[in-house]
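Enquirer: With the working numbering applied, the sequence shown corresponds to residues 70 to 165, in that order. Note that the Cβ used here is the ideal one computed from N, Cα and C, for glycine as well. Predicted model, so just to flag it, every value in this text is computed and none were measured. First, the structure itself, so that you have it in front of you.
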Amino acid sequence: MKFKIPQGRDDSVMVDAYNHEKQKVDIMEALVPGMKSQGILEYSSVWFVGKNMYGISWRLVQVKLHTSEKITGFSFLEDHSIKLAINSQKKNVQNP
């Protein structure tokens with residue numbers, strides 16, 4: 070599916086974008102590769118080519134950006150963090 074993203078005369082993106090906490094964000098700063106999103110699309114027009122071909126144009130009105138699940142930076146747990154996590158899991162199993 071393709072859709073148009075409305076832009077102003079100064080090439081700014083004219084779409085309301087929100088993060089997972091319902092706070093308004095700048096879409097150009099918040100967007101990163103691999104990010105998931107939800108959007109509200111508005112029907113814009115129907116176009117025809119000849120007698121047998123047609124299509125529908127959509128316009129992005131609003132988008133909700135979800136945090137990226139990509140691993141960035143140093144992501145390993147330290148040994149003591151792993152031991153604490155294992156010990157807490159054992160306690161939870163012993164004391165349900």
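Just the Cα atoms here: how many angstroms apart are residue 84 and residue 100?
Expert: As a position in the sequence shown, residue 84 is number 15, starting the count at 1. As a position in the sequence shown, residue 100 is number 31, starting the count at 1. Residue 84 and residue 100: Cα-Cα distance of roughly 13 Å.
Enquirer: How far does the alpha helix (DSSP H) with residue 97 in it reach, from first residue to last?
Expert: One-based indexing of the sequence shown puts residue 97 at position 28. Residue 97 -> alpha helix (DSSP H) spans 96 to 99.
Enquirer: Does at least one heavy atom of the ligand FAD sit under 7 Å from the Cβ of residue 120?
Expert: With respect to small molecules bound, the structure shown includes none, and the ligand FAD cannot be examined in it.
Enquirer: Opposite residue 79 in the DSSP bridges: which residues?
Expert: Mapped onto the sequence shown, residue 79 falls at position 10. In the DSSP output, where bridge partners are listed per residue, residue 79 has none listed.
Enquirer: Is it true that the segment 119 to 139 meets the segment 88 to 106, where meeting means three or more beta-carbon pairs spaced less than 8 Å apart?
Expert: yes
Enquirer: Could you tell me the alpha carbon to alpha carbon distance between residue 134 and residue 119, rounded to whole angstroms?
Expert: The residue given as residue 134 occupies position 65 in the sequence shown. The residue given as residue 119 occupies position 50 in the sequence shown. Cα to Cα, the separation comes out at about 39 Å.
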